[in-house]
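Enquirer: I am attaching a structure below and will ask some questions about it afterwards.
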Amino acid sequence: MSDAPFLSLEKLTLAYGDTVAVKDLDLSIRKGELVAFLGPSGCGKTTTMRSIAGLLTPASGRISLDGADITRVSANKRSVGLVFQSYALFPHLSVFENVAFGLRLKKLPASEIETRVTAGLKSVGLSKFAARKPAELSGGQQQRVALARSMVMEPKVLLLDEPLSNLDARLRLEMRTELQRVQKETGVTMIFVTHDQGEALSLADRIVVMLNGAIEQIGTPEDIYNRPVSRFVADFVGFENIFAVEGGKLKAANGPIALSESLPPDTAGFAWRPRMVTLGSGPFQGTVRGASFSGSTREYLLDTPLGAIKAEEDAGLAAHQPGTELTFDLPVAKAARLERFG
Amino acid sequence: MTPRVFSPLVLFLVIAFLIGPFFIIVAASLSGGETLAFPPQGFSLKWVAKVFTVESFRESFAVSMFLAIGGTAMALVLGIPASYALSRYKLPFGETVRTIVSLPIIVPGIIVGLALLRYIVVPFGFNITLALFLAHTALVLPYAVRVVSASLNNLRSDIEEAAVLLGSSRAGAFFRVVMPNIRSGILAAFILGFVTSFNQVPVSLFLSGPGVRTLPIDMLSYMEITYDPSVAALSALLAFMSIGIVFLAERFLGFSRYV
Numbered sequence: 001m002s003d004a005p006f007l008s009l010e011k012l013t014l015a016y017g018d019t020v021a022v023k024d025l026d027l028s029i030r031k032g033e034l035v036a037f038l039g040p041s042g043c044g045k046t047t048t049m050r051s052i053a054g055l056l057t058p059a060s061g062r063i064s065l066d067g068a069d070i071t072r073v074s075a076n077k078r079s080v081g082l083v084f085q086s087y088a089l090f091p092h093l094s095v096f097e098n099v100a101f102g103l104r105l106k107k108l109p110a111s112e113i114e115t116r117v118t119a120g121l122k123s124v125g126l127s128k129f130a131a132r133k134p135a136e137l138s139g140g141q142q143q144r145v146a147l148a149r150s151m152v153m154e155p156k157v158l159l160l161d162e163p164l165s166n167l168d169a170r171l172r173l174e175m176r177t178e179l180q181r182v183q184k185e186t187g188v189t190m191i192f193v194t195h196d197q198g199e200a201l202s203l204a205d206r207i208v209v210m211l212n213g214a215i216e217q218i219g220t221p222e223d224i225y226n227r228p229v230s231r232f233v234a235d236f237v238g239f240e241n242i243f244a245v246e247g248g249k250l251k252a253a254n255g256p257i258a259l260s261e262s263l264p265p266d267t268a269g270f271a272w273r274p275r276m277v278t279l280g281s282g283p284f285q286g287t288v289r290g291a292s293f294s295g296s297t298r299e300y301l302l303d304t305p306l307g308a309i310k311a312e313e314d315a316g317l318a319a320h321q322p323g324t325e326l327t328f329d330l331p332v333a334k335a336a337r338l339e340r341f342g
Numbered sequence: 343m344t345p346r347v348f349s350p351l352v353l354f355l356v357i358a359f360l361i362g363p364f365f366i367i368v369a370a371s372l373s374g375g376e377t378l379a380f381p382p383q384g385f386s387l388k389w390v391a392k393v394f395t396v397e398s399f400r401e402s403f404a405v406s407m408f409l410a411i412g413g414t415a416m417a418l419v420l421g422i423p424a425s426y427a428l429s430r431y432k433l434p435f436g437e438t439v440r441t442i443v444s445l446p447i448i449v450p451g452i453i454v455g456l457a458l459l460r461y462i463v464v465p466f467g468f469n470i471t472l473a474l475f476l477a478h479t480a481l482v483l484p485y486a487v488r489v490v491s492a493s494l495n496n497l498r499s500d501i502e503e504a505a506v507l508l509g510s511s512r513a514g515a516f517f518r519v520v521m522p523n524i525r526s527g528i529l530a531a532f533i534l535g536f537v538t539s540f541n542q543v544p545v546s547l548f549l550s551g552p553g554v555r556t557l558p559i560d561m562l563s564y565m566e567i568t569y570d571p572s573v574a575a576l577s578a579l580l581a582f583m584s585i586g587i588v589f590l591a592e593r594f595l596g597f598s599r600y601v
């Protein structure tokens, strides 16, 4: 993995008619990286992916890949593979012919096509299914055919649209392992689009969180999970107690609360996961309104002068009954410090 | 009467009304008598045999076949791209175009025939064969567009993008992955168009002229002069041909899915 950008998007603006879907997006991706585009539907992640594939021409900006400007290069000449969410296998062709499709268009000799398709199907564990039609395969198998079909073309970048979302839990784990294996064995640069933070965290080297056609945060899974920089990202990765900071004070329902620490000037807010809230000691008071048991932990909803607070404790500890008055603390040392609170 | 008795009775009457004439025609065509009559007088295959000796039947059969095959093929050549555009792109007047294309189904054939004759064929001096060919193309076009559109709507459009990303051009993707997957729809449209065109009477009636007429029109004029059972024999043969085609289509294509 070198540090020079392999794929870069510069000031990329994408639009459908008059509707701008992505605005002035800058991003560089290194060779061999596995990157996730994460965000809610409509955030522009799929649109961005389609523009990298060449299925959508940018309104403005530049896309370059492997040192060449590909902004105006048509989709069939980009060496970019795409595994569609619906797999998009050709229903009239056998599994073998689906995988051979691109190689035949390249007019490779028959023996080489045979070798590459056989190897491709073997690598996804579908050698036995070569003669079947796509409709005779399960969803998971169809997806692996789609993966093999893209990979035999030896693309420079492989794009995957929601690769895990149509699979059940067991297959999801299998496919995740499969994708990591393919990436490790071939070193292909991979970008996948997902709305599921779990998928992004478990699979990606780097996550690009998107919202409203712009990048909210780029970082490793650890960065995103532990150090979200905006209210949106914090909320998206499960920080349920989020407060704005104004004039060095925490903005709560009952008025500003002075913070003892001195804060960096760009502090816009703090966010705590439920398990970061200390129960049973601290400067604040609240009443337990609801409690729920989830196996290893108990989750509490507290009514407090600051507003509603969600807290979580180890299930081994004694349960707090609804109606109980509790003291609690929101330790700033544990909190995620937000730089944007838009 | 209770519905239990009533419903089967209605069903029986409807079936008898729809299929009865067919049996009458078949029976009349096997008559040994000299005039078209039911019940038939005696039994003979001579009228079935005579059908093949009538010169004008042979000529008009060739005209009808030419129109049914050529007109339907032309309607598909126009209809497939039209259906593709209508189903894949959000066209500004898409729905209007769809309605206009369907008009020949809705407007009575008499009106279409008269209008074509009065305002197009006569003023522009079209020859009869060309006029019939264009009219049959237009009459079949709605069926072609409807049936092919139904096929296209069942086909995901992302397979074309997949083909493009594997190196195909847009046009190549159409021929390599769209056409093979709508093949049975196209065949169904062809059969429906063929039968529609072959059985067409009102429009052909207006446009037929000296020396060039379709088989149904020829049968009409034959009957005006000669009232023998050969017309019944020909009708029966044509009915069997249609039944055969539709049966094969249903057997191999699941025809009823498209119409």
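Taken in sequence, the protein lines are chains U and Y. Sequential numbering of the first sequence, starting at 1, is according to the working numbering. Sequential numbering of the second sequence, starting at 343, is according to the working numbering. The C-beta atom is built at its ideal place from N, Cα and C for all residues, glycine as well. Remember, it's a predicted structure, so these values are computed and weren't measured experimentally.
(1) Per DSSP, what are the beta-bridge partners of U:Ile215 in this structure?
(2) Closest Cβ-Cβ distance between Y:Ala504 and chain U: below 8 Å?
(3) By alpha-carbon positions, which one of U:Gln217, U:Pro58 and U:Ala252 ends up nearest to U:Phe284?
(4) Determine whether the beta carbon atoms of U:Val145 and U:Leu89 lie at a separation below 8 Å.
(5) Going by DSSP in three states, U:Asp314 sits in which element: helix, strand or coil?
(6) How close, in whole Å, do the beta carbons of U:Gln85 and U:Glu162 come, if the pair is a contact with beta carbons under 8 Å?
(7) Scan the stretch 426-494 of chain Y and note each continuous alpha helix (DSSP H) run of 4 residues or more that stays entirely inside, going in chain order.
(8) Say whether chain Y places a C-beta atom closer than 8 Å to the C-beta of U:Gly280.
(9) Return the chain-ordered list of same chain residues with a C-beta closer than 6 Å to the C-beta of Y:Phe540, the five sequence neighbours on each side being excluded.
(10) Note down the Cα distance separating U:Glu10 from Y:Leu476, rounded to an integer number of angstroms.
(11) Please list, in chain order, the residues of the stretch 105-124 of chain U that have any C-beta partner in chain Y closer than 9 Å.
(12) Indicate whether at least one CB of chain Y lies closer than 8 Å to the CB of U:Ser86.
(13) Classify Y:Phe532 as helix, strand or coil using the three-state DSSP reduction.
(14) Tell me, please, which residues DSSP counts as bridged to U:Ser292.
(15) With three or more C-beta pairs closer than 8 Å as the rule, is the stretch 143-157 of chain U touching the stretch 183-193 of chain U?
(16) Among the candidates U:Leu164, U:His195 and U:Ala169, whose CA atom is the shortest distance from the CA of U:Gln180?
(17) U:Glu27 bridges to which residues according to DSSP?
(18) For Y:Ser510, return the contacting residues in chain U, with the cut-off set at a CB-CB distance below 9 Å.
(19) Mind pulling the chain U residues with CB within less than 8 Å of Y:Ile501?
(20) Which runs of the alpha helix (DSSP H) at least 4 residues long sit entirely within the stretch 217-269 of chain U? Give them in chain order.
(21) Is the CB-CB distance between U:Gly286 and U:Phe328 below 8 Å?
(22) For U:Ser127, which residues from the same chain have a beta carbon less than 6 Å from its beta carbon, with the 5 sequence-adjacent residues on both sides left out?
(23) Taking a contact to mean a Cβ-Cβ separation below 8 Å, would you say Y:Gly412 touches Y:Ala486 in this structure?
(24) Mind reading off the beta-carbon distance from Y:Ile447 to Y:Pro484? Whole number of angstroms is fine, and I expect it under 8 Å.
(25) With 8 Å as the threshold, decide whether the Cβ of U:Val145 is near any Cβ in chain Y.
(26) Which value, in whole angstroms, describes the spacing of the CA atoms of Y:Leu494 and Y:Arg440?
(27) Looking only at C-alpha atoms, which of U:Phe270, U:Ser292, U:Thr297 and U:Arg116 sits nearest to U:Phe341?
(28) Using DSSP with H/G/I as helix, E/B as strand and the rest coil, what is U:Pro37?
Expert: According to the data block:
(1) Note: U:Ile215 sits in a beta bridge opposite U:Met210.
(2) A Cβ of chain U is located within less than 8 Å of the beta carbon of Y:Ala504.
(3) Between U:Phe284 and the set U:Gln217, U:Pro58 and U:Ala252, the nearest pair of CA atoms involves U:Ala252.
(4) In contact: U:Val145 and U:Leu89 (Cβ atoms closer than 8 Å).
(5) U:Asp314 falls in the strand class under three-state DSSP.
(6) Rounded, the Cβ-Cβ distance is 4 Å, consistent with contact.
(7) Here the runs fully enclosed are 436-448 and 451-458.
(8) Taking a beta-carbon distance threshold of 8 Å, U:Gly280 does not count as an interface residue toward chain Y.
(9) Ser406 and Ala410.
(10) C-alpha separation (whole angstroms): 55 Å.
(11) Under the 9 Å Cβ criterion, the stretch 105-124 of chain U contributes Leu105 and Lys106.
(12) U:Ser86 counts as touching chain Y.
(13) Annotated three-state conformation of Y:Phe532 is helix, per DSSP.
(14) According to DSSP, U:Ser292 bridges with U:Glu299.
(15) A contact exists between the stretch 183-193 of chain U and the stretch 143-157 of chain U.
(16) Ranking U:Leu164, U:His195 and U:Ala169 by Cα distance to U:Gln180 puts U:Leu164 first.
(17) Checking the sequence, you will find Leu at residue 27 of chain U rather than Glu. Beta-bridge pairing links U:Leu27 to U:Leu9.
(18) Contact of Y:Ser510 with chain U by beta-carbon distance below 9 Å involves Asn76, Phe101, Gly102 and Leu105.
(19) Chain U residues near Y:Ile501: Ala88, Leu89, Phe90 and Pro91.
(20) Given a length threshold of 4 residues, each whole run of the alpha helix (DSSP H) inside the stretch 217-269 of chain U is given here in chain order: 221-226 and 231-236.
(21) In this structure, U:Phe328 lies closer than 8 Å to U:Gly286 by Cβ.
(22) Taking U:Ser127 as the centre and dropping the five residues before and after it, the same chain places the C-beta of Leu121 closer than 6 Å to its C-beta, in chain order.
(23) No. Outside cutoff.
(24) Rounded, the Cβ-Cβ distance is 5 Å, consistent with contact.
(25) With 8 Å as the cut-off, U:Val145 does not count as an interface residue toward chain Y.
(26) If I take the Cα positions, the gap works out to 15 Å.
(27) Nearest option by C-alpha distance: U:Phe270.
(28) Residue identity differs from the one stated: residue 37 of chain U is Phe in this sequence, not Pro. For U:Phe37, the secondary structure class from DSSP, reduced to helix, strand or coil, is strand.
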